[in-house]
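K.L.:
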Amino acid sequence: MSIYSFVRWTFLKKIALVSSSLLITLMSCKNSKIEGDYQFKNVLIYDGSGEIPFISDVIIKKNKIVKIAQNISCHSCKIIDGSGKALAPGFIDLHAHLEALPQIPSAESAIHMGVTTGLGGPDGSSPINIDKHLSELENQKIGINVAYLIGHNSIRSEVMHLDGREPSSEELQEMKSLIDKGMKDGAFGLSTGLKYLPGTFAKVDEVIELSKVASNYGGIYTSHLREEGLGLIEGVQEAITIAREADIPVVLTHHKAIGMPMWGASHKTLAMVDSARKVGLDVMLDQYPYTASYTSLSVLIPPWALEGGRYDAFKARCEDSILRDSIKRGIIFNILNDRGGGDLKRIQLAQFDWKPKLEGKTLYDWALEEKLEPTAANGAELIIRAQQNRGAKAIYHAMSEEDVINIMKHPQTIIASDGRITEFNKGFPHPRVHGTFPRVIGHFARDKNVLSIQEAIRKMTSLPAHRLGLLDRGWIKEGYIADIVLFDPETIIDKATFEQPHQYPDGINIVMINGNIALDKDGLSENRYGQILRGPGYSNN
Ligand SMILES: [Zn+2]
39 MSIYSFVRWT FLKKIALVSS SLLITLMSCK NSKIEGDYQF KNVLIYDGSG EIPFISDVII
99 KKNKIVKIAQ NISCHSCKII DGSGKALAPG FIDLHAHLEA LPQIPSAESA IHMGVTTGLG
159 GPDGSSPINI DKHLSELENQ KIGINVAYLI GHNSIRSEVM HLDGREPSSE ELQEMKSLID
219 KGMKDGAFGL STGLKYLPGT FAKVDEVIEL SKVASNYGGI YTSHLREEGL GLIEGVQEAI
279 TIAREADIPV VLTHHKAIGM PMWGASHKTL AMVDSARKVG LDVMLDQYPY TASYTSLSVL
339 IPPWALEGGR YDAFKARCED SILRDSIKRG IIFNILNDRG GGDLKRIQLA QFDWKPKLEG
399 KTLYDWALEE KLEPTAANGA ELIIRAQQNR GAKAIYHAMS EEDVINIMKH PQTIIASDGR
459 ITEFNKGFPH PRVHGTFPRV IGHFARDKNV LSIQEAIRKM TSLPAHRLGL LDRGWIKEGY
519 IADIVLFDPE TIIDKATFEQ PHQYPDGINI VMINGNIALD KDGLSENRYG QILRGPGYSN
579 N
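Put into structure tokens, the structure is as follows:
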């Protein structure tokens, strides 16, 4: 190399160095001055992965998370001091009862516990016309993001009413067509409630055939099992069979072991899930964190007694003394071995239009008021009377905490509320409508150390997002939609109880939905920021 070329080379190298450092300076200027709408500063981030949380700043612009880094400054951002607070993706409720959304579009009960997305249509019950329903919700504007399943019980009722028989091939075809349309309309999959009418009349082959339709579109199958008490193991086996035969991802929804004879059975059911996954079946679970369930009082009545009609046909059967006796014996059996938990004190009346004064009281209290011995037989008499007067809803205190914890710890268990969208101070709901997510973080993770907070958050965010195939929600990541919960990890806790269910949780500071603040210290926003999410079959429309 000549002196001349050496000098020139050194000169060019210097220019390159200067210009590259200039570029870095310019870039870092650009990085340190980002445009956005909100900046969370110095916040502990649980990103949804289940990994150890880290402290950083997060910038939100429009509906997206645009930057996650330390020491960044933002032009136009409203600053939110996150010191001492934790930031997580908004909670995705995989088992949500959204039936009341048209009347309560704010979805206030859900937002107050950090839910930003709800999956409606569980337990086999949904609108038949998914497109019409979603369009109506879209026009009305709703508080949270909403996704839907299409329900087997609703479809079967539409095609076969409450008939207790197998479908003809035409009827099966009609049900398949309704699911096909539901998937094209944007359903995320099929739900069944095989414990309830008329799903209880469906054999496994019918459910397999219908699940195949959802599977063709990349949908999922969520199962309220045929039995969660004495028949639990067979119920889990049936769901696994459906996963295999229909080649579809399955969620065993609100997984539990109900009734004292079955306490401890979660060890067996979780082992069955593990074995199924080992051979390649995509089986997951969801769970609400309570030892009591909520459903109709009629769940204690043998299904055959309700065939053809929950009220009139039932009443007619009770006129026949032999049938009535058989119904009563069936109810006594269920009080002793199933949801009744063997004790009238474990059956708490919730919604009871015929006798609203009994709401919150137990079947034991009702028996005493009627001057009856609180026996299972007398309890059965009262249940028959209630059903003859259009039934009631009840809370059943019939699970063991050991099973609840065992199921919660399983890596494939999603946290979901099974709660109904509820207006504050209206009715007597299960406390899960206000407490589910803060209860898992505050009570089970922080206070009882059942699982880590990061693992609890994963079960409410990235895991359900993965199950639904949502590619831009459920994580705190750049480019993801800004559905966010800011909470205080020291104080977050559920406050709703079985005695006083209308209590919002503590420690949820901000809920952001699609980049907008839906809840903060001033309460719920008057605007509603939810979006309609449509499932994998929608593009085929
Ligand atoms: Zn449910």
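End of the sequence shown sits at 579 in the numbering used here; the numbers just go up one at a time, nothing left out. Ideal placement from N, C-alpha and C gives every residue a C-beta, glycine not left out. Here the structure is a predicted model, which means the values were calculated and not measured.
(1) Near V442, what residues of its chain come up, given a Cβ to Cβ distance below 8 Å and the 5 sequence neighbours on each side ignored?
(2) Select from G156, A454 and G128 the residue whose C-alpha is nearest the C-alpha of V549.
(3) Any idea what DSSP makes of I576, helix, strand or coil?
(4) H448 by DSSP, collapsed to three states: which one?
(5) CA-CA distance, F482 and S207?
(6) Can H133 be considered in contact with ligand 1, in the sense that its beta carbon sits closer than 8 Å to one or more heavy atoms?
(7) With hydrogens ignored, establish whether the beta-carbon of Q292 is closer than 8 Å to any heavy atom of ligand 1.
(8) Kindly provide the chain-ordered list of residues whose Cβ lies closer than 5 Å to any non-hydrogen atom of ligand 1.
(9) Among L562, S364, H472 and P165, which one has its Cα closest to the Cα of A454?
(10) Mind listing, in chain order, the continuous alpha helix (DSSP H) runs of no fewer than 4 residues lying wholly within the region 306 to 380?
(11) Using DSSP with H/G/I as helix, E/B as strand and the rest coil, what is V488?
(12) How many Å lie between W342 and G202 at the Cα?
(13) Whose C-beta lies closer than 6 Å to the C-beta of D558 among residues of the same chain, with five residues either side of it excluded?
(14) Tell me whether the beta-carbon of M498 lies closer than 9 Å to the beta-carbon of I130.
(15) Buried or exposed: where does F462 fall if 16 or more other Cβ atoms within 10 Å of its Cβ makes it buried?
(16) Cα separation between H435 and R428?
(17) Just to confirm, does P160 get its C-beta within under 8 Å of one of the non-hydrogen atoms of ligand 2?
(18) Per DSSP, which residues does F525 bridge with? Please list them.
(19) With DSSP as the reference, label G273 as helix, strand or coil.
(20) Would you tell me roughly how many angstroms separate the C-alpha atoms of S577 and K222, rounded to the nearest one?
(21) From K431, D403, Y402 and R355, pick the residue whose C-alpha is nearest to that of W392; which is it?
(22) Would you call the region 269 to 276 in contact with the region 215 to 231, where contact means no fewer than 3 C-beta pairs closer than 8 Å?
(23) Rounded to a whole number of angstroms, what is the C-alpha to C-alpha distance between L410 and P574?
(24) Out of V288, S261 and F352, which one is the CA nearest neighbour of A424?
(25) If you measure between the beta carbons of K515 and I72, is that distance less than 9 Å?
(26) Between the alpha carbons of H133 and P160, how many angstroms are there, rounded?
(27) Whole angstroms is fine: what's the gap from L175's alpha carbon to F371's?
(28) Taking the alpha carbon of R572 as the reference point, which residue from L157, Y84, A107 and R496 has its own alpha carbon closest?
(29) Out of R367, I180 and L387, which one is the CA nearest neighbour of N552?
(30) Taking buried to mean at least 16 other C-beta atoms within 10 Å of its own C-beta, is D85 buried or exposed?
(31) Checking the sheet assignment: what are the DSSP bridge partners for L157?
(32) List the DSSP bridge partners of I495.
(33) Just confirm the distance between the C-beta atoms of A284 and S249, as a whole number of angstroms; I'd bet it's less than 8 Å.
(34) Just mark I280 as buried or exposed, buried being the case when its beta carbon has 16 or more other beta carbons within 10 Å.
(35) Mind listing, in chain order, the continuous alpha helix (DSSP H) runs of no fewer than 4 residues lying wholly within the region 168 to 256?
P.N.:
By the coordinates alone:
(1) For V442, the CB contacts under 8 Å within the same chain, skipping 5 residues up- and downstream, are K294, Q325, P327, Y328 and T329 in chain order.
(2) Selected option, being the one with the closest Cα: G128.
(3) Contrary to the premise, residue 576 reads as Tyr rather than Ile in this sequence. Three-state result, Y576: helix.
(4) For H448, the secondary structure class from DSSP, reduced to helix, strand or coil, is coil.
(5) Straight-line measurement puts the Cα of S207 at about 49 Å from the Cα of F482.
(6) H133: yes, Cβ under 8 Å from ligand 1.
(7) Note on identity: in this sequence residue 292 is His, with Gln being the wrong assignment. Yes, since a heavy atom of ligand 1 falls inside the 8 Å radius drawn around the Cβ of H292.
(8) Listed by chain position, these are P160, D161 and D456.
(9) Minimum Cα distance to A454 is reached at H472.
(10) As far as the region 306 to 380 is concerned, its whole alpha helix (DSSP H) runs of at least 4 residues are 350 to 357 and 359 to 375.
(11) Residue state, collapsed to three classes: coil.
(12) Cα to Cα, the separation comes out at about 8 Å.
(13) Excluding sequence neighbours, D558 sits near I548.
(14) With a cutoff of 9 Å on beta-carbon distance, M498 and I130 are scored as near each other.
(15) Classification for F462: exposed.
(16) Each residue's Cα considered, the two are about 23 Å apart.
(17) This structure lacks ligand 2; the ligands present are ligand 1.
(18) DSSP output for F525 lists A124 and I546 as bridge partner(s).
(19) Here G273 sits in helix by DSSP.
(20) Straight-line Cα distance between these residues: approximately 7 Å.
(21) Residue K431 holds the alpha-carbon nearest to the alpha-carbon of W392 among K431, D403, Y402 and R355.
(22) No, because fewer than three Cβ pairs between the region 269 to 276 and the region 215 to 231 fall closer than 8 Å, the two stretches do not touch.
(23) Going from the Cα of L410 to the Cα of P574 covers about 55 Å.
(24) Closest option to A424, Cα to Cα, is F352.
(25) No, Cβ-Cβ distance for K515 and I72 is not below 9 Å.
(26) Answer to the nearest angstrom: the Cα atoms are 6 Å apart.
(27) Distance between the alpha carbons of L175 and F371 is about 42 Å.
(28) Among L157, Y84, A107 and R496, the Cα nearest to that of R572 is on L157.
(29) Closest in alpha carbon position to N552, among R367, I180 and L387, is I180.
(30) Buried is the label assigned to D85, since at least 16 other Cβ atoms lie within 10 Å of its Cβ.
(31) DSSP output for L157 lists A185 as bridge partner(s).
(32) DSSP output for I495 lists no bridge partner at all.
(33) Contact flag correct, Cβ pair sits at about 4 Å.
(34) Under this definition I280 is a buried residue.
(35) As far as the region 168 to 256 is concerned, its whole alpha helix (DSSP H) runs of at least 4 residues are 168 to 178, 190 to 198, 207 to 222 and 242 to 254.
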